[in-house]
Amino acid sequence: MAARGIQAGWDFLRDAAGFDIGESLIAFDAGQSYGRAFLVGVLNTLRVALAGIATATLLGMAVGIARLSRNALLSGLAGLYVEVIRNVPLLVQLLLWYLLLVEFLPDPGEPLRLGQLLLSKGGLSLPWPGENGWSLPEPGPFAVEGGATLTPEFVALWGGLSLYTAAFIAEVVRGGVLAVPRGQTEAALSIGLSRAQVLRRVVLPQALRVIVPPLANQYLNLTKNSSLAVAIGYPDVVSIANTALNQTGRALECISLIMAVYLCTSLLTAALMGVLDRRAAIRER
C-alpha cells in the first residue's frame, strides 16, 4: 500500500473531522476528531435500533395475535398489513415515509396536533422532562417550541424499520401461538378463564420457547437494516464512515469500523436473546 502511495493506519481518528453532524446524542462540532464522529454514529445507530426493536416487538405481537382473531375484519386487516409490508422493499418504504414527512406534512409553525404530540415537516415533537416538570411542545411563529423534537430522518427510519420488522415478528408470534397444543386452550377455557386470560397465562408463556429464537433473528435484521439510514440522510455509523472515507481515503479502516460495529451489536443481541431463550425454555422435572 505504501508503494502505491496509499495511506494506512488509524492515526486519522485523532484528526479534526471538519464536518458537522446534524443529529447527535453527545456534543459534537467540526473541530472534534473523526473518532468522536464515529462515536456519534454508533450512538445514533444504537438509538434507532433500540427504539425500533421496542416498537416493532409491541406492534408485531399485536398484529400476530390479531391474525388469529375470530373477527374476520380484524384478522383480514392484519393479514393485509403483513402481506403488503413484507413484499415491498424496505428501502422503498423508508423513502416513502421520508417523502410523506418532508413534503406533505404542515410547516413547523402550524403542526398537526396528536394529543400532546406535534407532527410537522420539522419532525415529531413530544413532551420531555425539564427543570420544572414536563416541558410541553407548543407551536411557535416559525417552529415548535418546548419539549423534544425527533428529526424527520429519525422518525422516518424508526417508523419504517418498526413497521417492516413488525410484519415479520407478527408471523413469528402467530407461528408460536399455533405451536401450542389446542387442548391447552380448551382446558383453560373449561375452567372458566377468559380468552384474554388464556392467552396471557397459558398460551404465550408456552409459545415463548418457539418465538424467541426466530425473534432474535428479526432483531439482528432490524439492526443491520438500519444501515439504510444513509438513503434518507440520518447520520448513522455508515453515513459518517462514508463521509470520513471520502475525506481521508482510509477505505479499509472505515469499512472495518462499520463491520466491527455491526458484528459487536449482533453478537451482543444474540447473547442477550440466548439468555432469554434459556429462561423461556420449559424445564422438565
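Mapped onto the numbering used here, the consecutive letters of the sequence shown carry residue numbers -5 to 279. Cβ atoms here follow ideal geometry from the backbone N, Cα and C, with glycine treated the same way.
Roughly how many angstroms separate the alpha carbons of residue i and residue j, rounded to a whole number?
i, j, result
"GLU278", "LYS115", "Any reading at GLU278 needs caution, since the residue's pLDDT is 47, under 50, leaving its predicted position unreliable; the model's value is listed next. Cα to Cα, GLU278 sits roughly 55 Å from LYS115."
"LEU262", "THR51", "18 Å"
"ALA43", "LEU67", "32 Å"
"ARG30", "SER260", "22 Å"
"ALA164", "SER27", "43 Å"
"LEU71", "ILE185", "32 Å"
"LEU281", "ALA181", "Residue 281 falls outside the range modelled here, since the chain spans only -5 to 279, and no answer is possible."
"CYS258", "ILE205", "23 Å"
"ARG107", "GLU139", "14 Å"
"LEU93", "PRO146", "10 Å"
"ILE226", "PRO208", "29 Å"
"ASN236", "TYR75", "35 Å"
"SER220", "LEU183", "43 Å"
"GLN212", "ILE20", "29 Å"
"MET55", "PRO83", "22 Å"
"GLY268", "ALA274", "10 Å"
"VAL171", "ASN65", "17 Å"
"ALA264", "ARG203", "15 Å"
"ILE252", "ARG8", "18 Å"
"ILE249", "ILE234", "11 Å"
Terminal residues of the continuous beta strand (DSSP E) containing residue i?
i, result
"ARG107", "106 to 108"
"THR143", "142 to 144"
"ARG127", "Note on residue identity: the sequence assigns Gly, not Arg, to residue 127. Per DSSP, GLY127 belongs to the beta strand (DSSP E) from 127 to 129."
"TRP4", "No beta strand (DSSP E) contains TRP4, which DSSP labels as neither H nor E."
For residue i and residue j, which I take to be in contact (beta-carbon distance under 8 Å), what is that distance rounded to the nearest angstrom?
i, j, result
"LEU216", "GLY46", "5 Å"
"VAL231", "PHE32", "7 Å"
"THR143", "GLY124", "Going by Cβ atoms, the distance from THR143 to GLY124 rounds to 14 Å, so no, they are not a contact pair."
"PRO121", "SER129", "7 Å"
"TYR158", "LYS218", "The pair is not a contact, with the Cβ atoms about 12 Å apart (cut-off 8 Å)."
"PHE6", "ARG244", "5 Å"
"ARG80", "PHE162", "7 Å"
"PRO100", "SER119", "PRO100 to SER119, Cβ: 12 Å. No contact."
"VAL57", "ALA160", "6 Å"
"PRO133", "LEU112", "7 Å"
"THR242", "SER156", "The Cβ separation is near 34 Å, so there is no contact."
"GLY103", "ALA60", "Not confirmed; about 38 Å, so no contact."
Give me whichever residues DSSP pairs with residue i in a beta bridge.
i, result
"ALA280", "Since the first and last residues shown for the chain are -5 and 279, residue 280 lies out of range."
"LEU118", "LEU113 and LEU144"
"GLY124", "GLY127"
"VAL138", "PRO133"
Over what stretch of residues does the alpha helix (DSSP H) that includes residue i continue unbroken?
i, result
"LEU246", "245 to 274"
"VAL204", "198 to 219"
"SER280", "In the structure displayed, the chain extends from -5 to 279; residue 280 sits before or after that span and is not available."
"ILE79", "66 to 80"
"LEU282", "With the chain represented from -5 up to 279, any question about residue 282 goes unanswered, as that position is not in the structure."
"SER63", "Taken as a continuous stretch (DSSP letters only), SER63 belongs to no alpha helix (DSSP H), as it is neither H nor E."
"VAL192", "189 to 192"
"ALA177", "In the sequence on display, residue 177 carries Gly and not Ala. That run of the alpha helix (DSSP H) goes 176 to 184."
Do you know whose CA, among the options, lies nearest residue i's CA?
i, options, result
"ALA10", "GLY3, ALA2, ALA137 and ASP23", "ASP23"
"ARG272", "ILE234, GLN241 and PRO199", "PRO199"
"LEU151", "LEU90, LEU112, THR179 and GLU132", "LEU90"
"VAL174", "SER156, SER188 and ARG195", "ARG195"
"ASN126", "LEU239, LEU85 and GLY141", "GLY141"
"LEU214", "ILE20, TRP4, THR39 and VAL34", "THR39"
"TYR228", "PHE148, ARG176 and MET253", "PHE148"
"VAL192", "GLN178, PRO131 and VAL34", "GLN178"
"LEU88", "ALA60, GLN110 and GLY154", "GLY154"
"LEU85", "LEU222, ILE249 and ALA265", "LEU222"
"GLY73", "SER18, GLU97 and ARG168", "ARG168"
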